[in-house]
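Residue numbers (the working numbering), protein chains in the order written: chain A, 1 to 252; chain B, 1001 to 1252.
Glycine included, every Cβ here is placed at the ideal spot set by N, Cα and C.
What you are looking at is a predicted structure, and each value in this text was computed from that prediction instead of being measured.
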DNA sequence: ACCTATTCGAACTTTTTCGAACGTTTTTTT
DNA sequence: AAAAAAACGTTCGAAAAAGTTCGAATAGGT
């Protein structure tokens, strides 16, 4: 068995389960634990996972949008709050908006006024946030739960009949060359469905997401209309990202 | 099980519920309480939680579970609790169950153990209740919100491909002649879809629902396997409803 | 044949997990 | 409110599991 083939399978397993074990993998591939550790080391160098004792887990940054309950979120909370406040300026009463899953979009949801508004989302925490806001029309494409997001949607064509005005999109990594990336493949179909149906696409991401690439690219930067980030983005990066089709805006 | 995986789950539980218990976690993971305490110590060092006697609470200010939800229907709560406890006896690990929208089924959801189990629901409050229970596989047919329920038959054909073992059904009225009734027509399609796909149908309803008919009939009493109600149902009514195909059970 | 990358063995170190005895806090009983 | 009981926590240390380092054997490519 080729090392590259093992790596591929390890990553797939990681996507599905969120964590892998050295012992399990060594038995699965019929190689020594030593070899698996070397595999994991190489994958960690590439930033595709994070090593732990006994195995590895999806690396913190990349797993973040899938793990809205994890603490790393609150690390950049003030930045996310600033981004959310900024994004709110684009939301008017009677809009039809889609909120992608993530902690930044959750901050947007928290600040949505209880006014006539249609919100699409697959994020359970966002739904929870909107339960009390009775004037907001909530629309949920179904699915099964992976952590706090409903994914694996069988009825995405239903989504295609909806007319979304504004999409607030999240990503694990934003990179000049690789575009918008995520770590888990299941989210991609949903993001793409939202994107093809949205008239205006706002990508919300704190500065730590920039110049990073996760495993899978789901869109190029050109497909985004507005990139909303925080003041922490370096001037150098601002210069590089300002050039594209997307307008770059830094929330105060 | 990986230590890192435990930590992750502990944190998720902590933010969903506000607090965790050592004893509960040690049983959940099959490790000694000592190990859980060491886990909690490490997480506390990172500032991710605060230790208490017997467990830990979220490090932030909120020791209370986040409950910005609407005023629940607390009418006849003790009866509903009794019915829920009774209904739980029909739920085994690895079951695939559907929880119809309602306050009685919400009581069932609250009492579901965090064990391997697949739960279908359209009730937002039930979803919220299940957010912290990571071992429960949650499946949501989509829709748009009407109060706290997702309705809309767009994804009902998807539902027809699912194989539900047990359905816990609610109704506004239960009547010998008019069968199971509700006031709003939107819920009917969903209930019917659940019913055609369920092998066993349990109708949960407190005694005040009996001998009442709401506007719209969605099923006859013969389609139900078990009728679960509380002790408040009059003997006269018991005699009348016992005769049908459905078994009548009164929760204590 | 030479170089390089992969895989693994073996001795050694670290981390994790847990048992058991002994304090401490919380709850119940009197 | 004091005493007793139960539950929880701490310390020490040991056993098991996982990781590390070093170096050697193997296989592929040039």
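Buried or exposed: where does residue 76 of chain A fall if 16 or more other Cβ atoms within 10 Å of its Cβ makes it buried?
Classification for residue 76 of chain A: buried.
Just to make sure I have the definition right: I need the residues of chain A whose C-beta is within less than 7 Å of the C-beta of residue 1253 of chain B. Which are they?
Because chain B in this structure spans residues 1001 to 1252, residue 1253 of chain B falls outside the shown range and cannot be described.
Less than 8 Å between CB atoms is the rule here; does residue 1 of chain A satisfy it with respect to chain B?
Chain B, which has no Cβ nearer than 8 Å to the Cβ of residue 1 of chain A, makes this no.
Between which two residues does the beta strand (DSSP E) carrying residue 199 of chain A extend?
Where residue 199 of chain A is concerned, the enclosing beta strand (DSSP E) stretches over 198-204.
Strictly by DSSP, which residues pair up with residue 1164 of chain B?
Answer by DSSP bridge pairing, in chain order: B:1198.
Scan the segment 1005-1036 of chain B and note each continuous alpha helix (DSSP H) run of 4 residues or more that stays entirely inside, going in chain order.
If we require 4 residues or more, the alpha helix (DSSP H) runs fully inside the segment 1005-1036 of chain B come out as 1022-1029.
Buried or exposed, going by whether 16 or more other CB atoms sit within 10 Å of the CB of residue 1001 of chain B?
Residue 1001 of chain B should be labelled exposed.
Taking one C-beta from the segment 16-23 of chain A and one from the segment 215-231 of chain A each time, how about it: are there three or more such pairs within less than 8 Å?
Judged by Cβ distances under 8 Å, the segment 16-23 of chain A makes no contact with the segment 215-231 of chain A, as fewer than three pairs qualify.
Since residue 121 of chain A sits in a beta bridge, which residues does DSSP pair it with?
Answer is A:99.
Using a Cβ-Cβ cut-off of 6 Å (strictly less than) and excluding sequence neighbours within five positions of residue 1164 of chain B, which residues of its own chain qualify?
Closer than 6 Å at the Cβ level, and outside the excluded window around residue 1164 of chain B, lie 1096, 1098, 1197, 1198.
Using a Cβ-Cβ distance cut-off of 8 Å, determine whether residue 185 of chain A contacts chain B.
With 8 Å as the cut-off, residue 185 of chain A does not count as an interface residue toward chain B.
Using a cut-off of 7 Å between C-beta atoms, extract the partners of residue 150 of chain A located in chain B.
Here the neighbours are 1140.
Which partner residues does residue 1149 of chain B have in the DSSP bridge list?
Beta-bridge pairing links residue 1149 of chain B to B:1123, B:1146.
Is residue 1097 of chain B close to chain A? Criterion is C-beta to C-beta, closer than 8 Å.
By this cut-off, residue 1097 of chain B is not an interface position.
Under 7 Å, CB to CB, which of the residues in the segment 103-118 of chain A have a partner in chain B?
Going along the segment 103-118 of chain A in chain order, one finds no residue with a Cβ nearer than 7 Å to chain B.
By the 10 Å Cβ neighbour count, where 16 or more other Cβ atoms means buried, how is residue 1183 of chain B classified, buried or exposed?
Residue 1183 of chain B comes out exposed.
DSSP has residue 217 of chain A in a bridge; who is on the other side?
For residue 217 of chain A, which the question treats as bridged, DSSP gives the partners A:181.
Give me the chain A residues within the contact set of residue 1131 of chain B, using Cβ-Cβ distance strictly less than 9 Å, ordered along the chain.
Chain A residues near residue 1131 of chain B: 69, 124, 125, 128, 145, 148.
Starting from residue 240 of chain A, trace the alpha helix (DSSP H) both ways and give me its first and last residue.
Residues 235-242.
Is there a Cβ from chain B that is less than 8 Å from the Cβ of residue 76 of chain A?
No, its Cβ sits nowhere closer than 8 Å to a Cβ of chain B.
Kindly indicate which three-state DSSP category residue 1061 of chain B falls into: helix, strand or coil?
Confidence at residue 1061 of chain B is low in this model, with a pLDDT of 38, below 50, so its placement is unreliable and the value that follows should be read with caution. Three-state DSSP puts residue 1061 of chain B in coil, outside helix and strand.
In chain order, what residues of the same chain lie with their CB nearer than 6 Å to the CB of residue 167 of chain A, ignoring the 5 residues before and after it?
Around residue 167 of chain A: 98, 194, 198, 201.
Between which two residues does the beta strand (DSSP E) harbouring residue 252 of chain A extend?
It is not in any beta strand (DSSP E) - residue 252 of chain A carries neither H nor E in the DSSP assignment.
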